[in-house]
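Numbering (the numbering used here), first residue to last: 17 to 550.
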């Protein structure tokens, strides 16, 4: 074949897109090459099944939208070839690449191909040419801004989410014809505009409040301490005492999400398909309450194609495990790493991914299988062996990682029937914010690249051994109280450090520079399971 024939029957078009890898996006270049030969479309570049099937979806969408395929032998390459491509988000860029390759050497076709190089394109195609929403648009938008891309073309349903990222023009499209019309200069589509401050303010509201909880003043105090220092906690009490009700209101007294935290959390929910497209981003702290039948992969993340689990979906929020002893022990044990490190690493044959998992663990349980052990009004029907077996379902190492152990008693009738409202979440949150401000200022000078835990959070729960020695010093009376507790109650070394961290948080809530003996005593009282020789 001579040079003229090669030029006539061989055409290449390129379209920029992106693939979600972990919680971030990686650039992908889609190359569509058309040449003379038997009519056939081949997709290469390590595609999964959904990407391979895109050839059939794209062909139908092109036909119903009034476009012709390049004809002959068409090769679609997704570069780089060593990264696995998943999902249907490459349909739209592949279709636009095919249209560009089918246009030949005409001036209009060349203009379309040049415009395509200025954009990142994602979207799934229906057989009628409609553009359907896809997952992971927020990390893709962040990657587009990082690369200095001019346009980001997304399905109309994903426009709100993509527009959260400033610095890139988000072009929303509903059909393949609209997408081509924009690049051909035949259709003007204005970038999606979003007032992020107004959006954040609109959705940063909770439907529950602490003033709805009757009684339980000591428990509310413990929850305030937990939020002030970002401490994990477990509530122990009979059925009907309000453990779940209290846990659901915990995010309302935590400090409001910063914009950076909101984007981090939204990315995780975006790639799992849990983000409300109308909201665009999460403005409140997540509250995750998985059922006790959840698997290890569901809790930690995993499967053959790793996806974030519940510990990551609760990032910057609360992970609530109700009826803790009913969870499989192996499922609980896998949480030990993220509880310590604030992240989880999932290794599979296909890839090794790290997801953020900085959350507050809040657990609830009954004191025995029937729930009434120690209740002054109802008789417990459990045998000592049943009670022991029930409690042994929770391992000592996991319990050591929970800072606060709270008894939740039954509420007195007079308190239940009272019409007086308790403190609102806003009032409690103001005290929590004041304590967090103290911690932030204290640790600001300590936050270095070498101290990873201080980069995770500026809260007392993440103090390392060196920082405990520096900021949790006790006076003689406090040391005496702690020594007595360690000797008489057989606290572990980890429990010793947890008590010091909690005491530091109680001191911060009291606006006290030094830890007083009263703070130490309260911290010891908040480890009720250790005091009962659990």
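Think of the CB as a built atom: it goes at the ideal place given N, C-alpha and C, for glycine as much as any other residue.
Sub-8 angstroms separation of residue i and residue j beta-carbons
i           : j           : result
residue 245 : residue 477 : yes
residue 248 : residue 337 : no
residue 363 : residue 312 : no
residue 441 : residue 269 : yes
residue 286 : residue 153 : yes
residue 389 : residue 410 : no
residue 522 : residue 241 : yes
residue 349 : residue 335 : no
residue 232 : residue 424 : yes
residue 379 : residue 250 : yes
residue 199 : residue 141 : no
residue 145 : residue 170 : no
residue 77  : residue 192 : yes
residue 474 : residue 447 : no
residue 48  : residue 110 : yes
residue 225 : residue 265 : yes
residue 360 : residue 317 : yes
residue 29  : residue 87  : no
residue 186 : residue 207 : yes
residue 92  : residue 147 : no
Collapsed DSSP secondary structure at residue i in the structure displayed
i           : result
residue 93  : strand
residue 379 : strand
residue 448 : helix
residue 442 : helix
residue 63  : strand
residue 285 : helix
residue 107 : helix
residue 334 : strand
residue 121 : coil
residue 473 : Interpretation of residue 473 is limited by its pLDDT of 49, a score under 50 that renders its predicted location unreliable; the figure taken from the coordinates is listed afterwards. Note: residue 473 maps to coil in three-state DSSP.
residue 69  : coil
residue 235 : helix
residue 274 : coil
residue 56  : strand
residue 161 : helix
residue 200 : coil
residue 148 : strand
residue 345 : helix
residue 498 : helix
residue 6   : There is no way to answer for residue 6, as the model of the chain reaches only from 17 to 550.
residue 553 : With the chain represented from 17 up to 550, any question about residue 553 goes unanswered, as that position is not in the structure.
residue 181 : coil
residue 304 : strand
residue 140 : strand
residue 536 : helix
residue 218 : helix
residue 466 : Any reading at residue 466 must be qualified, since the residue scores a pLDDT of 47, below 50, and its modelled position is unreliable; no value is offered.
residue 543 : strand
residue 318 : strand
residue 324 : strand
residue 135 : strand
Residue(s) in a DSSP beta bridge with residue i
i           : result
residue 257 : Note: residue 257 sits in no beta bridge, so no partner.
residue 490 : 531
residue 189 : 171
residue 363 : 368
residue 30  : 47
residue 423 : 252
residue 40  : 37
Buried versus exposed, by CB contacts within 10 Å (16 or more), residue i
i           : result
residue 408 : exposed
residue 217 : exposed
residue 397 : exposed
residue 520 : buried
residue 196 : buried
residue 328 : buried
residue 214 : exposed
residue 332 : buried
residue 118 : buried
residue 309 : exposed
residue 202 : exposed
residue 416 : buried
residue 545 : buried
residue 137 : buried
residue 172 : buried
Rounded Cβ spacing between residue i and residue j (contact assumed at less than 8 angstroms)
i           : j           : result
residue 494 : residue 536 : 4 angstroms
residue 391 : residue 518 : Actually they are not in contact, since the Cβ atoms of residue 391 and residue 518 sit about 27 angstroms apart, beyond 8 angstroms.
residue 101 : residue 94  : 5 angstroms
residue 39  : residue 221 : Contact doesn't hold; Cβ gap of about 26 angstroms is too wide.
residue 451 : residue 524 : 4 angstroms
residue 70  : residue 106 : 6 angstroms
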